[in-house]
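Read through the structure below, which is laid out as structure tokens, and then see the notes.
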Amino acid sequence: NDEGTALLKDDALPVGALSILRNNKRVSLQAILRHASLLSTTADVQYWCIRALIDKNYLVPCVELGRHKSDARFYRYYDCYFVDSKQQEEEKNLLLQEVRQLDDRIHKEFYVRDLDRYKKDKKYLEVLDTFLKRRSYLLETTAGPRERLCQIFGDPHAMDHMGIKTMLSHCFRVSAEKELNFIVYPMPLISDCRETTVPQNVLIVENLDTYSNIRRMVERGDTIIRTRFSTIIYSQGESCVNTFTGYRLTFPKYLQDTRNTFYFFGDIDYALIRDITSRIIC
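So for the sequence shown, this note's numbering puts the first residue at 1279; every next one is plus one.
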């Protein structure tokens, strides 16, 4: 239909129609017709207009959402794939300019390579960038993660926000803990101590049931693998890695004595035991 096709020339489309096609992934039939100023035209003209948009690969019918009730020739919703190369290039250049103006501590090269990720992180990055440029003196003092993120975002619950956590996982060249000078405090130990003399044997137990059973054995004065233990620690599974990361903050002084011998009772693989060991040594 020539009348319908004529309405679909790119330079003849109303600005409103172009806007909705550029800025929305999924739009309703009514929205397309309204922005294209087609509501007052006949159903045939509307059909050929939508048909021409589909033929140009600008629209793809959302079949799973069903057809329109009043006219089965139409679908209720359409996915839009309109691309204006000139506008796309302008938007890209604008985003690149924004990235280059970020604080040098932010991993700008990462965002230059992935502008889509930058657009997702942008609202959080802007706040972080402002903090780094105006209040970075606060980084001279070590803080906990919740306190630090509250300083940056002004929200005591910022640490729980998935968007912020995702951004912090890749926005620095080094870890966020190091760049923002905060400590991820380890979980407190669940332990049973019989004596505080040093040196002593310390048993770390992975499983809670096993920990409870071994405690009873130690209370009776029994040995385990022909060894007498003075302190039993429940490692809480793999979370023990965090505990050992900050063991100087959670272990009492007598347990930090280098003359002590640590044993591990559990089924954690060698790689994790090595990880724990390296954290103690460091």
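We put the beta carbon where it would ideally sit given N, CA and C, even for glycine.
Quick caveat, the model's predicted, so the values are computed rather than measured.
- Can you give me the start and stop residues for the beta strand (DSSP E) that Ile1510 sits inside? For the purposes of this step, residue 1510 is taken as the residue at position 232 of the sequence shown. Its beta strand (DSSP E) spans residues 1509-1512.
- Task: Indicate whether the contact test is met: 3 or more Cβ pairs, each with one atom in the region 1479-1487 and one in the region 1441-1450, closer than 8 Å.
- Result: no
- Own chain partners of Leu1317 with C-beta closer than 6 Å, once the 5 adjacent residues on each side are dropped: Taking the sequence shown and counting its residues from 1, the one referred to as residue 1317 is at position 39. Within the same chain, Leu1317 has close Cβ partners Leu1311.
- Spatial neighbours of Val1293 within its chain, please: CB distance less than 7 Å, with the 5 preceding and 5 following residues excluded, ordered by chain position. Locating residue 1293 in the sequence shown gives position 15, counting from the first residue. Residue confidence is low: Val1293 scores 45 on pLDDT, short of 50, so the model does not pin down where it sits. Its coordinate-derived value is still stated next. Here the set comprises nothing.
- Identity of the residue in Arg1391, Thr1501, Leu1446, Val1341 nearest Leu1374 by Cα: The sequence position of residue 1374 within the sequence shown is 96, counting from 1. Ranking the options by Cα distance to Leu1374, first place goes to Arg1391.
- Bridge partners - Arg1304, DSSP secondary structure assignment: Counting from one through the sequence shown, the residue named residue 1304 turns up at place 26. DSSP, once it has assigned bridges, lists Asp1357 as partnering Arg1304.
- Message: For His1385 and His1448, which I take to be in contact (beta-carbon distance under 8 Å), what is that distance rounded to the nearest angstrom?
- Response: Residue numbering aside, residue 1385 sits at position 107 when the sequence shown is read from its first letter. Residue numbering aside, residue 1448 sits at position 170 when the sequence shown is read from its first letter. Rounded, the Cβ-Cβ distance is 7 Å, consistent with contact.
- Query: Over what stretch of residues does the beta strand (DSSP E) that includes Tyr1532 continue unbroken?
  - Reply: By one-based count along the sequence shown, residue 1532 stands at place 254. It is not in any beta strand (DSSP E) - Tyr1532 carries neither H nor E in the DSSP assignment.
- Have a look at the DSSP bridge pairing and note the partners of Pro1339. Within the sequence shown, numbered from 1, the residue matching residue 1339 stands at position 61. Its beta-bridge partners are Tyr1356.
- Could you give the distance in angstroms between the alpha-carbon of Leu1427 and the alpha-carbon of Phe1529? Walking along the sequence shown from the start, residue 1427 turns up at place 149. Walking along the sequence shown from the start, residue 1529 turns up at place 251. Distance between the alpha carbons of Leu1427 and Phe1529: 26 Å.
- Item | Bounding residues of the alpha helix (DSSP H) (the contiguous stretch that carries Leu1486) | Walking along the sequence shown from the start, residue 1486 turns up at place 208. Here the alpha helix (DSSP H) through Leu1486 covers 1486-1497.
- Item | Between the CA atoms of Val1341 and Tyr1355 - distance to the nearest angstrom | Here residue 1355 refers to the residue found at position 77 when the sequence shown is read from its first residue. Here residue 1341 refers to the residue found at position 63 when the sequence shown is read from its first residue. Taking the straight line joining both Cα atoms gives about 8 Å.
- Using CA coordinates, which residue listed in Ile1332, Phe1543, Gln1366 is at the minimum distance from Ser1490? Here the question's residue 1490 lines up with position 212 in the sequence shown. Of Ile1332, Phe1543, Gln1366, the residue nearest in Cα terms is Phe1543.
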